[in-house]
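Chains as they are written, first to last, in my numbering: chain A, 1 to 378; chain B, 379 to 756. Glycine included, C-beta positions come from ideal geometry on N, C-alpha and C. On a predicted model such as this, the values are computed, not experimentally measured, just so you know.
2 protein chains.
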Amino acid sequence: MNRSNSGANLPALRSHNAALVLDLLRTAGDAGISRLELAERTGLTPQAVSKITARLRAEGTATEAGRRASTGGKPRTVLKLVPSAGHAIGLHLDRDELTAVLVDLAGTLVGVRTVPLDLGAGHDTVVGTAAEQAESLIGGRPILGVGVASPGPLDHHTGVLHRITGFPQWNGFPLRDALAARLGLPVVLDKDTNAAALGLALRGPADSFAYLHLGTGLGAGLVLGGTLLRGSRTGAGEFGHQTILLGGPACGCGARGCIEALCLMSVARGDIAAAARFLGVGAANLVGLLDIDRVLLGGRTVMGAQDGFVRGVRAVLEERARRGGDARAVPVAVAPGGPHAVAEGAARLILGPVFGHGDGGGTRLQAPVRSSDLPILG
Amino acid sequence: MNRSNSGANLPALRSHNAALVLDLLRTAGDAGISRLELAERTGLTPQAVSKITARLRAEGTATEAGRRASTGGKPRTVLKLVPSAGHAIGLHLDRDELTAVLVDLAGTLVGVRTVPLDLGAGHDTVVGTAAEQAESLIGGRPILGVGVASPGPLDHHTGVLHRITGFPQWNGFPLRDALAARLGLPVVLDKDTNAAALGLALRGPADSFAYLHLGTGLGAGLVLGGTLLRGSRTGAGEFGHQTILLGGPACGCGARGCIEALCLMSVARGDIAAAARFLGVGAANLVGLLDIDRVLLGGRTVMGAQDGFVRGVRAVLEERARRGGDARAVPVAVAPGGPHAVAEGAARLILGPVFGHGDGGGTRLQAPVRSSDLPILG
DNA sequence: TGCACTTTGGCAACAGCGTTGCTTAAGTGG
DNA sequence: CCACTTAAGCAACGCTGTTGCCAAAGTGCA
């Protein structure tokens with residue numbers, strides 16, 4: 001059950017268990033999972049799992065798909081998620097382009113559209129373009145909702161943008177509500193780095209990790225204990241302006257010795273190794289402070305010199321591990337996912353709550369979201 | 379309900395709601411709280427709250443205590459927690475002394491004992507002394523469990539100590555199990571900074587804060603979104619060895635420019651203002667990265683020059699807020715709680731789960747903890 | 001081929017949760 | 001004194017996961 005301040009009743013109990021089972025089905029993927037395995041993993045009795053899966057099958061969100069080999073008795077029946085039982089839209093609003101994706105319940109990409117878009121154009125133009133792209137992908141399908149990833153800062157709870165660097169005209173604009181009104185769908189807004197981290201969290205097995213994004217700026221998405229850390233005012237992840245060199249070179253933020261400034265200066269000089277070392281020092285600080293399992297790198301600058309950045313960051317973390325007497329350093333890798341990773345992560349803002357992850361942001365999809373509320377079953 | 383991977387059944391539902399109500403009763407303190415207010419706060423129906431509070435009253439953990447003024451009808455009956463319905467022991471194992479406290483359900487200090495203790499003495503001596511101090515405080519009362527706060531690093535899940543700086547002989551010692559076997563009570567082990575932070579979390583209203591402890595070393599306890607962050611290997615909060623001055627003075631850890639080294643060197647020179655500024659830079663990094671609401675300072679060194687440290691850290695944070703255009707800087711204060719704060723926080727390791735906070739650590743008190751399982755009600 | 005055994009999974013009855021509908025208790029105000 | 005308001009409990013209820021039992025569907029040996 002979610003750590004919350006609200007009481008739970010029978011429907012909440014039911015949703016919780018259904019979401020848990022759905023999540024295990026999702027994680028199992030094409031391999032599927034048997035009822036008894038579900039019972040072991042959830043701690044529920046086999047009979048309870050039978051009832052829950054029967055409901056899910058009746059709703060169309062799960063299905064039987066073959067059997068396992070017998071171990072001396074009746075063979076186990078394999079259950080799988082039916083990915084087409086629900087879809088979500090993910091929008092990545094970047095400074096110069098808009099990427100829209102349609103994904104199914106399993107998170108599989110069903111459709112993509114990318115169009116150039118000047119974030120400096122008027123509110124109506126941007127909202128209109130975003131809505132058009134979303135609608136063209138939907139194609140009449142029932143949609144759970146729309147997740148939007150935007151450069152920060154912004155307020156995830158209210159869905160309002162703040163002062164985006166270089167685009168002050170968006171300050172205070174209620175993007176979530178504007179888009180929700182235009183599309184008639186639930187919309188959730190979050191920072192691009194958070195969306196990327198969320199996509200990675202649902203993809204991989206790492207319980208705690210940091211996604212470091214180095215593009216025109218430097219930011220981080222933090223997943224701690226399986227949960228995305230947004231902070232009190234959706235401000236968490238401001239990694240670029242961590243001071244690592246007191247009295248160092250001036251940064252655009254007004255301070256000195258910020259990681260971002262040091263990295264970008266090195267990159268501008270063409271010295272990737274130096275940039276990677278600065279990034280590594282920041283990563284080492286993160287690893288120590290938060291005790292994370294993994295560091296993932298992304299962003300256009302990193303993608304332009306993947307090996308150099310991974311090697312440089314890894315070297316700093318290995319040095320740190322040696323000092324601490326740890327057998328193994330925290331692994332470093334380039335974030336998987338390709339060019340639509342952020343948009344796909346944005347879609348996960350919608351899919352997450354269906355599987356019991358997070359709270360669906362400011363806009364609760366339902367209260368609580370239960371599988372029987374999937375629109376397709378309406 | 380707790381974000382977990384385990385299914386929930388009716389007893390779990392009942393425990394969850396009972397814990398929620400108990401927590402509201404605890405928070406209300408001497409002022410008490412009415413049934414209808416409980417219903418509003420939990421989202422449960424008034425009738426459900428009536429049933430739950432009736433059970434709690436029957437068990438002895440809650441009681442009626444007067445009525446509020448009428449607002450035109452029957453006046454509300456005020457309910458309060460019965461603090462004496464349960465007690466917990468908190469032990470603070472420090473390098474040179476042991477503090478043991480006995481607290482009641484409300485967290486109120488009932489008894490304290492402090493004895494000198496050399497952590498360098500043998501395992502049996504230390505465990506024996508700890509057990510003796512605990513037993514002398516218990517005095518036949520039914521006890522929920524014993525929380526132990528120790529210098530890190532250690533593993534909170536297994537209850538095993540790691541390589542404590544200066545006391546390598548404890549490496550790998552299963553302190554939790556040793557003490558549990560000796561006392562016949564559930565024991566939970568955690569780092570001293572975590573215990574301190576947990577005590578502060580249950581005391582104040584701040585949802586997210588950092589407790590920075592500057593004594594012989596520098597560490598942090600992080601509470602994010604109401605939950606103590608322990609990290610994957612109970613390693614979170616290693617704040618002292620954050621690099622803030624690349625290529626700076628050498629630190630005992632083998633790196634250069636660690637906050638701890640910079641702070642302690644300044645303190646050694648008697649330059650509290652400089653130490654506070656270094657601490658402030660680290661705090662500013664934290665505030666940006668985690669978007670916390672509050673910074674609290676503690677530890678012997680801080681307590682020796684409270685004003686200097688608070689002013690210095692505050693100045694850095696205010697400068698940071700000005701740069702970011704924020705109206706208000708994150709507030710800084712000395713952590714309240716007095717000399718037994720850590721031991722009291724350790725006791726909260728046991729009390730927390732009763733009120734639905736956290737998971738009770740490696741040793742689950744019960745599975746799940748429900749109020750009817752309080753030993754006193756046996 | 002037949003029978004014993006193992007394992008899976010559903011049916012039916014059940015205890016217990018919060019909810020609903022209604023009644024009783026205990027005040028205020030004209 | 002009576003109408004009204006508000007609080008809180010009783011009883012019946014729907015629905016949850018659980019328990020006890022049984023049918024289905026395999027394996028393996030005689």
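Use the C-beta contact count for residue i: other C-beta atoms within 10 angstroms, 16 or more gives buried, fewer gives exposed.
i	result
Asn17(A)	buried
Lys74(A)	exposed
Thr301(A)	buried
Asp155(A)	buried
Asn194(A)	buried
Thr486(B)	exposed
Gly147(A)	buried
Asn5(A)	exposed
Pro153(A)	buried
Arg294(A)	buried
Leu10(A)	exposed
Ala745(B)	Its pLDDT being 30, under 50, Ala745(B) is placed unreliably in this model, and the value from its coordinates should be taken loosely. It counts as exposed.
Asn171(A)	exposed
Arg348(A)	buried
Arg269(A)	exposed
Gly738(B)	For Gly738(B), the predicted model reports a pLDDT of 45, less than 50, meaning its position is unreliable and no value from the coordinates is stated.
Thr243(A)	buried
Pro627(B)	exposed
Gly734(B)	buried
Gly139(A)	exposed
Please confirm whether residue i and residue j have their CB atoms less than 8 Å apart.
i	j	result
Ala255(A)	Ser266(A)	no
Thr605(B)	Gly736(B)	yes
Ala713(B)	Ala705(B)	no
Thr42(A)	Gly385(B)	yes
Leu22(A)	Thr61(A)	yes
Arg113(A)	Ser84(A)	no
Glu696(B)	Ala711(B)	no
Arg541(B)	Gly325(A)	yes
Gly537(B)	Arg554(B)	yes
Ala512(B)	Ala478(B)	yes
His591(B)	Gly464(B)	no
Ala196(A)	Gly225(A)	no
Please report the Cβ distance between residue i and residue j, rounded to the nearest whole angstrom; I am assuming they are in contact, meaning their Cβ atoms lie under 8 Å.
i	j	result
Gly523(B)	Leu563(B)	6 Å
His501(B)	Phe545(B)	The Cβ separation is near 11 Å, so there is no contact.
Leu623(B)	Gly615(B)	Incorrect: roughly 21 Å between the Cβ atoms, too far for contact.
Ala346(A)	Val316(A)	Not a contact, Cβ separation roughly 31 Å.
Arg35(A)	Cys631(B)	Not really, about 51 Å apart at Cβ, beyond 8 Å.
Would you report the Cα separation of residue i and residue j, rounded to the nearest angstrom?
i	j	result
Gly812(B)	Val456(B)	Absent from the structure is residue 812(B), since the part of chain B shown begins at 379 and ends at 756.
Gln169(A)	Arg608(B)	40 Å
Arg364(A)	Lys191(A)	With a pLDDT of only 36 at Arg364(A), under the threshold of 50, the placement of this residue in the model should not be trusted, and no figure is reported.
Arg454(B)	Leu434(B)	18 Å
Leu105(A)	Val188(A)	17 Å
Gly613(B)	Ala321(A)	13 Å
Ala683(B)	Ile728(B)	32 Å
Ile380(A)	His241(A)	A question about residue 380(A) goes unanswered here, because the residues of chain A that appear run from 1 up to 378.
Val49(A)	Leu20(A)	11 Å
Ser749(B)	Arg404(B)	Note on Ser749(B): pLDDT 33, under 50, position unreliable in the model; the coordinate value appears next. So the alpha carbons of these two residues sit roughly 13 Å apart.
Glu344(A)	Val460(B)	51 Å
Leu218(A)	Leu578(B)	33 Å
Val313(A)	Pro116(A)	33 Å
Ser610(B)	Ser448(B)	52 Å
Gly141(A)	Ile670(B)	Residue identity differs from the one stated: residue 141(A) is Arg in this sequence, not Gly. Cα to Cα, Arg141(A) sits roughly 41 Å from Ile670(B).
Ala149(A)	Leu161(A)	11 Å
Ala39(A)	Ala31(A)	17 Å
Gly337(A)	Gly625(B)	36 Å
Margin query: Would the region 295-309 of chain A count as touching the region 274-284 of chain A if we require 3 or more Cβ pairs under 8 Å?
Written below: Here the region 295-309 of chain A lies against the region 274-284 of chain A, with 3 or more beta-carbon pairs under 8 Å apart.
Notebook entry, point to check: Taking three-plus beta-carbon pairs below 8 Å as touching, is the region 455-475 of chain B in contact with the region 505-512 of chain B?
Noted result: Pairwise C-beta distances place the region 455-475 of chain B in contact with the region 505-512 of chain B, as three or more of them are shorter than 8 Å.
Check: Below 8 Å, can you find three or more Cβ-Cβ pairs linking the region 582-593 of chain B to the region 246-263 of chain A?
Finding: Too few Cβ pairs lie closer than 8 Å, so no.
Notebook entry, point to check: If we count Cβ pairs, one from each stretch, closer than 8 Å, do we get three or more for the region 412-426 of chain B versus the region 472-481 of chain B?
Noted result: Between the region 412-426 of chain B and the region 472-481 of chain B, the count of C-beta pairs closer than 8 Å stays below three; the two stretches do not touch.
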